Amino acid sequence: MQKVSTAGYSIWVLEYAQINSYADGGLIYGAHGADSRRMPYGYVFLRGHGHNIMIDVGFNYRDYGKVLADRYGASDWHSPATVLAQIGVHPDDIDTVLVTHAHFDHFGNTAAFPNATFYLQERELTKWVWGLSLPPTHNFLTTAIDPDDILRGLELARSGRLRLITGDVPDVLPGINLWAAHDTHTYGSMYVDVQAGPSEDERFILAGDNVYVYDNLGGIDGEHPYVPVGLGVDSHRGVLVIEEMMGLVGYRSRNIIPVHEYRLPDLFPSRTGCFGMNIIEIHLRTGDDSQVV
1 MQKVSTAGYS IWVLEYAQIN SYADGGLIYG AHGADSRRMP YGYVFLRGHG
51 HNIMIDVGFN YRDYGKVLAD RYGASDWHSP ATVLAQIGVH PDDIDTVLVT
101 HAHFDHFGNT AAFPNATFYL QERELTKWVW GLSLPPTHNF LTTAIDPDDI
151 LRGLELARSG RLRLITGDVP DVLPGINLWA AHDTHTYGSM YVDVQAGPSE
201 DERFILAGDN VYVYDNLGGI DGEHPYVPVG LGVDSHRGVL VIEEMMGLVG
251 YRSRNIIPVH EYRLPDLFPS RTGCFGMNII EIHLRTGDDS QVV
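Below, the structure is given as structure tokens:
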């Protein structure tokens, strides 16, 4: 039986889909003509302080979400219910969803979490409504947006389950801060700062897509300059936000978690799940059972 603890957070990244060969230029600004790599998509689940939390909700492989996933070459998709079941969690258990940004692969599965309250930057929602109102000549701006996701966000607001926030929100939950990263990857991006345990080394940043891979941080060991992600509103602002994140975790690159990084299992305890996809245990709080051993 699962032990109960209220101190700190356990954090897992659970891969639910992947692109088998994604061009580095899409992940690392300016890496044109370079190599390609496997790019996973992951659900992020946190347990602690009496809460079951998702950071983003992935994409739903149907309707326009399927069109976008197929366009990018995604395969091996599995639903939140199927993937979370591998660690004994059901989507109905989730009470809070922190949405780093509204791209289709982060905001597409809202319907899977009927008991959750969602947190999203107000600027993220309103700027995508603006973007969708522009003429077809501007469609590149909304290239990764599913308009139905935005409509579902409005429905969440109508039903009282969407909290639109403006800027930074310290202590949105115990030990969790939301830091605005506007005009970086998207117009209203944010990232999630989690004090998962008592020590400085137990502070983690869930970066959303402000960091795709460790190359954006200058490498796993930080031996190279920062490089922004391949898709963004303002790449220069993206570099400044990387520095901001690095400062929060004492310049420990390992403590910034890029969910699209295929090398996470090289840095954290992990196992291969039922579908050949990785389950990565970023942090285990005292009293929780490991899900990878």
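Just so it is clear: in the sequence shown, position 283 is 283 by the UniProt record's numbering, and no numbers are missing.
Where is the CB? At the ideal position from N, CA and C, for every residue including glycine.
If you're wondering where the values come from, they're calculated on a predicted model, not measured in any experiment.
- Closest option to Ile257, judged by alpha-carbon separation, among Val211, Tyr64 and Thr186: Val211.
- Contact between the stretch 150-162 and the stretch 89-96 is absent: fewer than three C-beta pairs spanning the two stretches fall below 8 Å.
- For Pro40, the three-state secondary structure derived from DSSP is strand.
- For Ile150, the enclosing alpha helix (DSSP H) starts and ends at Pro147 to Arg158.
- Closest in alpha carbon position to Ala17, among Ile279, Phe268, His283 and Val292, is Ile279.
- Here the alpha carbon of Gly218 sits roughly 43 Å from the alpha carbon of Ser159.
- Straight across, the Cα-Cα distance linking Val169 with Asn177 is about 6 Å.
- Shown here, Leu84 sits in a helix according to DSSP, grouped into three states.
- The beta carbons of Thr184 and Gly8 sit about 28 Å from each other, so the pair does not count as a contact at 8 Å.
- The DSSP-derived three-state label of Pro198 is coil.
- A distance below 6 Å between beta-carbons, with the five flanking residues on each side excluded, links Ile145 to the following residues of its chain, in chain order: Trp128.
- Following the DSSP letters along the chain, one finds Phe268 in no alpha helix (DSSP H), marked with neither H nor E.
- Annotation: Ile28 is outside any beta strand (DSSP E) and is labelled neither H nor E by DSSP.
- With a threshold of 16 other beta carbon atoms within 10 Å, Val192 meets it and is buried.
- For Leu68, the closest C-alpha among the options Leu284, Asp201, Tyr214 and His106 is that of His106.
- The beta carbons of Ala196 and Val241 sit no closer together than 8 Å.
- Taking a contact as a CB-CB distance under 8 Å, the pair Gly208 and Thr82 does not count as one, their CB atoms being some 23 Å apart.
- Rounded to the nearest whole angstrom, the C-alpha separation of Asp63 and Asp24 is 28 Å.
- Look at Trp77 here: in three-state DSSP terms it is coil, with no helix or strand label.
- Under DSSP, Thr96 takes part in a beta bridge, and its partners are Ile53 and Thr117.
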